[in-house]
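What follows is a short report on a single structure.
Residue numbers (the working numbering), protein chains in the order written: chain A, 3 to 80; chain B, 6 to 240.
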C-alpha cells in the first residue's frame, strides 16, 4: 500500500502569502527528506521549501507563478 | 526577574566581518561558504559589511529587460551583471554604497520572514534618524524610502532558516549607474545620503552606526573579526 505525504507551505511568520518562483524537482523525480524542493518568494525574500520525507514527487499542485498561504497543499510525495 | 536581566541573557554575540572594498563574485562565494558553515552549526551568526565594484544583480523575480542600456555601455562603465538567488528584481551595487549581508539563523529571530525584513528596514530608519532624516516604509515595496525616492534596498535568500544576501544602503553612489536600470523593476529614483545631508560620511562610519542600531533590534552584540582568515585563498 502506498501512502501519500502532503507537502504544505510551512509557517513563515507574519506572511500573508507567497508566490511559487521555482520548482527544483519535477513530477516523477525521487526526493530525500531535507532536500531542496521548491523556492517561494515573499517580501523580496526567497525561501527554500525542503522535502518533508523520502519518496517520489508524484503531483505538483501549486505551479510556478501560483500564490499559496500557510498550510496550503503544494505537492504530494508517495 | 527584571526585564533588564532577561534581555541581557538573550544577547547573542555576532561576528562582524568588515570586508572593505571587495569584488562581488568573491563575496558571493564567501557568503555561500559561511551559509553552509552556519547551517552546519560550525560558526555563529555573522554579518558581512562590504563595498562592491559596480555590478547589477538580478534576483529570482527579475529580468534583464530592466537593464535600459546596451551591453557595450555596461562594458564601458565596467559593470558586470549577475543572476542570483535572492528575492526581488534587479539592483545595483557599487562604490559609495554600504552592503550588509547577515548570515544568521532566523530560528533565533522568531522564524518570521516578515519580521526579519522589518528589522533590516528599521535599522536603516534608525540610522537615518541620526542624520535628521525620516526614512519610511511603503506597503508592498520593501526597502526604506525618503519621500518618493528609495535609499535602501533589501533582497534575501533563506535556506534551512539561515539567511544570505541582505541590505544595500546608498551613502554616496554614482546615480548614472542607477539610471541604467529600473531598480526593483520599477521606474523609481534612488536617494543617496550625501545628496540629503550635503556631505559624504565614510562607509566605515555609516557601517558602525548601522550596526549599533541593529544590535538592540536583533538582540545582538557585534564582535569584529579580521576577514583575512576567512578567505582561504578565494579572493
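Ideal placement from N, C-alpha and C gives every residue a C-beta, glycine not left out.
Bear in mind that the values here come from a model prediction, so they are computed numbers and not experimental data.
Item to check | Chain-ordered neighbours of residue 43 of chain B on chain A, where CB pairs are closer than 7 Å | outcome: Taking a Cβ-Cβ threshold of 7 Å, none of the residues of chain A is close to residue 43 of chain B; the smallest such distance is about 14 Å.
Next on the checklist: According to DSSP, is residue 214 of chain B part of a helix, a strand, or is it coil?
Outcome noted: Correct three-state label for residue 214 of chain B: helix.
Next on the checklist: Quick check on DSSP: helix, strand or coil for residue 202 of chain B?
Outcome noted: Note: residue 202 of chain B maps to helix in three-state DSSP.
Checklist entry - Which class does residue 4 of chain A belong to by DSSP, given the choice of helix, strand or coil? => result Three-state result, residue 4 of chain A: coil.
Checklist entry - Which one of A/27, A/45, A/23 has the shortest CA to CA distance from residue 144 of chain B? => result Ranked by Cα distance from residue 144 of chain B, the options A/27, A/45, A/23 are led by A/45.
Item to check | Sheet register partners of residue 143 of chain B (DSSP bridge) | outcome: Answer by DSSP bridge pairing, in chain order: B/146.
Item to check | residue 102 of chain B, DSSP secondary structure in three states | outcome: Reduced to three states, the DSSP call for residue 102 of chain B is strand.
Checklist entry - Quick one: any contact between the segment 59-75 of chain A and the segment 33-42 of chain B, if contact means 3 or more CB pairs under 8 Å? => result No, they do not touch.
Checklist entry - Does the segment 78-92 of chain B touch the segment 204-219 of chain B, meaning 3 or more C-beta pairs lie closer than 8 Å? => result Note that the segment 204-219 of chain B does not touch the segment 78-92 of chain B; fewer than 3 beta-carbon pairs, one per stretch, sit closer than 8 Å.
Checklist entry - Going by Cα to Cα distance, which pick from A/5, A/9, A/56, A/80 is closest to residue 25 of chain A? => result For residue 25 of chain A, the nearest C-alpha among the options comes from A/9.
Next on the checklist: In the DSSP assignment, the beta strand (DSSP E) including residue 56 of chain B goes from what residue to what residue?
Outcome noted: For residue 56 of chain B, the enclosing beta strand (DSSP E) stretches over residues 51-56.
Item to check | the segment 19-33 of chain A in contact with the segment 135-143 of chain B per 3-pair CB rule at 8 Å | outcome: The answer is no - the segment 135-143 of chain B does not touch the segment 19-33 of chain A, with fewer than three Cβ pairs under 8 Å.
Checklist entry - Among B/152, B/99, B/108, B/192, which one has its Cα closest to the Cα of residue 45 of chain B? => result Selected option, being the one with the closest Cα: B/108.
Checklist entry - What is the C-beta distance between residue 157 of chain B and residue 173 of chain B, in whole angstroms, given that I count them as a contact (C-beta under 8 Å)? => result Rounded, the Cβ-Cβ distance is 7 Å, consistent with contact.
Checklist entry - Should the segment 193-202 of chain B be regarded as contacting the segment 81-96 of chain B, the criterion being three or more beta carbon pairs within less than 8 Å? => result With contact defined as three or more Cβ pairs closer than 8 Å, the segment 193-202 of chain B and the segment 81-96 of chain B are not in contact.
Item to check | residue 247 of chain B vs residue 154 of chain B beta-carbon contact at 9 Å | outcome: The question about residue 247 of chain B has no answer, for chain B in this structure spans 6 to 240.
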